[in-house]
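Here the structure comes first, spelled out in structure tokens, and everything after it is commentary.
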Amino acid sequence: MFNPLNYIQFFSKSEIVQNIIYSVLVPLGLVDFTLQTFLVIFLFQQRLSLARGHLSRIPCNGTVLLTFFLFRALILLVASKYCELDILGLKSLTNQIPPLFFQLIFYSNFFVVTIISILSFTSCLLGLINLRGQGSFETSVSRTEAGTSNIPIVAIVMPIYNEDTEVFLEAVQSAVSCNYVEEKTHLFISFDEAEETELYLLAMKHLLLQQTATVKGALNNLCDSSGQIYPTRVDCVINKIRVTISRFPHSGKHATQARTFTIINDLYGKFADNVFVLFVDSDIILEKGTIFNFVTASLNDPNLKAVTGLITCADSTREYCKCENTREDNKCKNMGEGKKFQNCSRRGKPNCYQHLQDCEYIQGQMFSRAMEGILGAVTCLPGALSFIKLNALQEVAPKYFKNKEHLNRSQDFHRYFLGEDRYLTWLLMRGAGKHQISFACIAQCSTEAPDSFRKLLQQRRRWFLGGISNDIAMLECASMWWKYPGVMILKFHNYSFRGTDWLYWIFLLNLMVVRQGETEMAGKEFFHDGYLYAVFTLTGLHLAGLFAIAVLLNKPRIIFSSILIHFLCPIFNLIVTIYSLWTWKRRTWGGPRTDKLSIV
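Once you know that position 166 of the sequence shown is 663 in our numbering, the rest is easy, because the numbers rise by one and skip nothing.
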């Protein structure tokens, strides 16, 4: 019979592993565990201070906080027992507790995580197999031609600010090239700047090349009293798709979305039941069948109010031209003949950051979001790719688009600005029922991932602060527990185990160390074997599911990236936590679009 312990006997006579555990892993793990614990308690306390006028929130807040504290204490007990760590003097206490108690905790958690992994990966695999069965979707228009009057209208909202020109134009091209019915597609390009910036003028110059001579002449001759070349709102047609290009005073992504929603509501609000709004970022490259797959998922389930898709990283990173030596035709000499803009770029070779993020994106969505969808509702409709029914958006618009510029508390800024997509999802969940906010892995897109550690850290700070602020508000909401008990239990489980990634390596290394001559070993050998098999089984199951997904997505490199992520995640998550707490009061968005310009 295969016994992993037979292959690692060399650890038994060495103190290297123990030195690594007690001098490196344990201190870092305790710091991470402590920071996460006190941060969650602090946010619950802040939410409790706001509940004075809402007494109904106090019992739920207190119950969840107390349960969280008990779970964290239980984790310390388990770590002291089976990781052989004397944390806060708990070793003597754990020796008095029957071993059966710890066995039940370990194997019950192993069983839950295994079931979750199987369900989430199975649902995604079935969705991806269905995607492959539909081919390239070139016949999707012909499938929907019958009864075109009943085909839903899709309004694509693309806010843009300080974006690279070619990245933006590539995103626009992907939006107008989707194989959905052209007459039922309307693209809204919303610039978060009232002035005609270089980006705006270059984009207009390129987009208007596809207009008729009459339209181009009329637009190019327009000039208002302020000396602007184009009006603040321009309607044109690209690839038979109506495109509305607007400029708004700079006030952030949230306000730009609000102003765009007003235009959409004026145009299509009367028949909102048959209109969907697709929110995308200005660097999102939509797959050809993305819109069609979103519409198909919505038509198959008429009760569906919102759905998100699978976001992956672009296959390569961008290389930007820094030269100012351009020809008269505005083509860069260094970047090649095909580049028309001074703000030019080209696809370069992928870097390690992109490989790792691609794997992380796929794992997170295929595991977390897929499981949330199975249990009742996805808790984050990302701003990069969210498909929402207009009538559902109308219900939450007064609260979501409400002016929140005068918020005094940092936690409110984190929730409403850094985590605006999660806040929107929370509002939608309050008015929706089970399985009305879902995840469709067959609707796919790619995004420009951060290509440096600095940009990645800024992005993860935004995700961390925005995510935890909204999640704590969700966990203390009694109506959420009543509507979505499975989702809330899963989220509570995830937060209870935050900061415990280090225990995986401490636990595994301790299991692999076979101590010869110890009298206690005779009674513990079965437990060592059983725990080691459990860890290997869960890891193997995860890699097997990821391998199948990698084959279907044609991304084999994510298998190797996944192994590396297991090593890097604990230390990187700790760095993100410390950086987020260090910049807690800094009211900045962070990210590539704010490198050159400051924000309020």
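C-beta atoms are modelled at their ideal positions from N, C-alpha and C, and glycine is treated no differently.
What are the start and end residues of the beta strand (DSSP E) that includes K702? One-based indexing of the sequence shown puts residue 702 at position 205. First-last for K702: E695 to L704, but that is the alpha helix (DSSP H), not the beta strand (DSSP E).
Rounded to whole angstroms, what is the Cα-Cα separation between Y920 and I594? Numbered from 1 along the sequence shown, position 423 holds the residue referred to as residue 920. Numbered from 1 along the sequence shown, position 97 holds the residue referred to as residue 594. Cα to Cα, Y920 sits roughly 43 Å from I594.
Could you spell out where the alpha helix (DSSP H) holding K453 opens and where it closes? In the structure displayed, the chain extends from 498 to 1097; residue 453 sits before or after that span and is not available.
Apart from the five residues just before and just after L796, which ones in its own chain have a Cβ nearer than 8 Å to its Cβ? As a working note, residue 796 is residue 299 in the sequence shown. Here the set comprises P649.
From W979 to Y519, what does the alpha carbon distance come to, in whole angstroms? Looking up residue 979 in the sequence shown gives position 482. Looking up residue 519 in the sequence shown gives position 22. Their backbone Cα atoms lie some 43 Å apart in a straight line.
In chain order, which alpha helix (DSSP H) runs of at least 4 residues are fully inside the region 893–972? 907–910, 917–928 and 950–972
When you compare each of A874, F773, G983 and V1048 to N647 by their alpha carbons, which one comes out closest? Position 150 of the sequence shown, counting from 1, holds the residue named residue 647. Among A874, F773, G983 and V1048, the Cα nearest to that of N647 belongs to F773.
Distance check for T787 and I626, CA to CA, integer angstroms please. Indexing the sequence shown from 1 puts residue 626 at position 129. Indexing the sequence shown from 1 puts residue 787 at position 290. Going by the C-alpha atoms only, they are around 15 Å apart.
Between the C-alpha atoms of T823 and L699, what's the straight-line distance to the nearest angstrom? The count along the sequence shown starts at 1 and reaches residue 823 at position 326. The count along the sequence shown starts at 1 and reaches residue 699 at position 202. Residue placement at T823 is flagged as unreliable, the pLDDT there being 39, under the threshold of 50; a coordinate-derived value is accordingly withheld.
For F618, I'd like the list of residues in its chain whose CB is within less than 6 Å of its CB, leaving aside the five on either flank, ordered along the chain. Against the sequence shown, residue 618 aligns to sequence position 121. Taken in chain order, the residues that qualify are G1042.
Please report the residue range of the beta strand (DSSP E) in which D732 lies. Mapped onto the sequence shown, residue 732 falls at position 235. Where D732 is concerned, the enclosing beta strand (DSSP E) starts and stops at R730 to I735.
For F685, list the residues DSSP reports as bridge partners. In the sequence shown, the residue the question calls residue 685 occupies position 188. Looking at the DSSP assignment, F685 forms a beta bridge with V654 and T741.
Roughly how many whole angstroms lie between the Cα atoms of Q908 and S1059? Along the sequence shown, one-based indexing puts residue 908 at 411. Along the sequence shown, one-based indexing puts residue 1059 at 562. Put simply, the backbone Cα of Q908 is about 33 Å away from that of S1059.
Can you grab the Cα-Cα spacing for the pair K1052 / G880, in whole Å? Translated into the one-based positions of the sequence shown, residue 1052 becomes position 555. Translated into the one-based positions of the sequence shown, residue 880 becomes position 383. Cα to Cα, the separation comes out at about 24 Å.
For A881, the three-state DSSP class (helix, strand or coil): Counting from one through the sequence shown, the residue named residue 881 turns up at place 384. Coil.
Does DSSP classify K886 as helix, strand or coil? As a position in the sequence shown, residue 886 is number 389, starting the count at 1. Three-state result, K886: strand.
Nearest-angstrom beta carbon gap, V654 and Q754 [assumed within contact, 8 Å]: As a working mapping, residue 754 is identified with position 257 in the sequence shown. As a working mapping, residue 654 is identified with position 157 in the sequence shown. So it is a contact: roughly 6 Å between Cβ atoms.
Quick one: give me the first and last residue of the beta strand (DSSP E) that V772 is part of. Within the sequence shown, residue 772 is the residue found at index 275, counting from 1. Where V772 is concerned, the enclosing beta strand (DSSP E) stretches over V772 to V777.
Helix, strand or coil: which one does DSSP assign to L547? Here residue 547 corresponds to residue number 50 of the sequence shown, with the count starting at 1. L547 falls in the helix class under three-state DSSP.
How many Å lie between Q600 and A652 at the Cα? Residue mapping note: residue 600 aligns to position 103 of the sequence shown, counting from 1. Residue mapping note: residue 652 aligns to position 155 of the sequence shown, counting from 1. If you draw a straight line from the Cα of Q600 to the Cα of A652, it comes to about 54 Å.
Three-state class that DSSP yields for G806 in the structure shown: To locate residue 806, count along the sequence shown from 1; it is residue 309. Strand, per DSSP.
Which listed residue (L1035, H703, D918 and K750) has its alpha carbon closest to that of V804: The count along the sequence shown starts at 1 and reaches residue 804 at position 307. When only C-alpha atoms are compared, the closest one is D918.
Beta-carbon within less than 7 Å of F1044's beta-carbon, same chain only, minus the 5 sequence neighbours each way: which residues are those? Within the sequence shown, numbered from 1, the residue matching residue 1044 stands at position 547. Closer than 7 Å at the Cβ level, and outside the excluded window around F1044, lie I1056.
Could you say if the region 861–869 and the region 775–791 meet the contact criterion of at least three C-beta pairs nearer than 8 Å? Put simply, the region 861–869 does not touch the region 775–791. Fewer than three CB pairs are less than 8 Å apart.
If you draw a straight line from the C-alpha of L622 to the C-alpha of F1064, how long is it? As a first step, residue 622 is located in the sequence shown; it is residue number 125 there, counting from the start. As a first step, residue 1064 is located in the sequence shown; it is residue number 567 there, counting from the start. L622 and F1064: Cα-Cα distance of roughly 26 Å.
Look up I1075 in the DSSP assignment and give the residues it is bridged to. Translated into positions along the sequence shown, residue 1075 becomes position 578. For I1075, which the question treats as bridged, DSSP gives no partner whatsoever.
Three-state secondary structure assigned by DSSP to A755: Looking up residue 755 in the sequence shown gives position 258. DSSP places A755 in helix when its eight states are reduced to three.
Contact set for K681: own chain, Cβ-Cβ below 6 Å, skip 5 residues either direction: Here residue 681 refers to the residue found at position 184 of the sequence shown. For K681, where only same-chain residues beyond five positions count, the Cβ hits under 6 Å are I648 and I650.
Drop a sphere of 10 angstroms on the beta-carbon of S943, count the other beta-carbons inside from all chains shown, and report buried for 16 or more, exposed for fewer. Reading the sequence shown from its first residue, position 446 is the one you call residue 943. Classified as buried, S943 has 16 or more neighbouring CB atoms from the shown chains inside 10 Å of its CB.
Using a Cβ-Cβ cut-off of 7 Å (strictly less than) and excluding sequence neighbours within five positions of N967, which residues of its own chain qualify? For the purposes of this step, residue 967 is taken as the residue at position 470 of the sequence shown. Here the set comprises R912, G916, R919, Y920 and W923.
Among E695, I1068 and F665, which has the Cα closest to the Cα of D780? Locating residue 780 in the sequence shown gives position 283, where the first residue counts as 1. The shortest C-alpha separation from D780 is found at F665.
Answer with buried or exposed for V575, where buried requires no fewer than 16 other C-beta atoms within 10 angstroms of its C-beta. Taking the first residue of the sequence shown as position 1, residue 575 is located at position 78. By the 10 Å Cβ count, V575 comes out buried.
Within a Cβ cutoff of 6 Å, which residues of the same chain sit near R1084, ignoring the five residues on either side of it in sequence? Sequence index remark: in the sequence shown, residue 1084 carries index 587 (1-based). For R1084, where only same-chain residues beyond five positions count, the Cβ hits under 6 Å are F910.
Can you tell me whether DSSP reads A691 as helix, strand or coil? Within the sequence shown, residue 691 is the residue found at index 194, counting from 1. DSSP, reduced to helix, strand and coil, places A691 outside both helices and strands of the structure shown, so it counts as coil.
Measuring straight from C-alpha to C-alpha, what distance separates E693 and I726? For the purposes of this step, residue 693 is taken as residue 196 along the sequence shown, with counting starting at 1. For the purposes of this step, residue 726 is taken as residue 229 along the sequence shown, with counting starting at 1. Distance between the alpha carbons of E693 and I726 is about 8 Å.
Would K896 be called buried (16 or more neighbouring beta carbons within 10 Å of its own) or exposed? Position 399 of the sequence shown, counting from 1, holds the residue named residue 896. Flag for K896 reads exposed.
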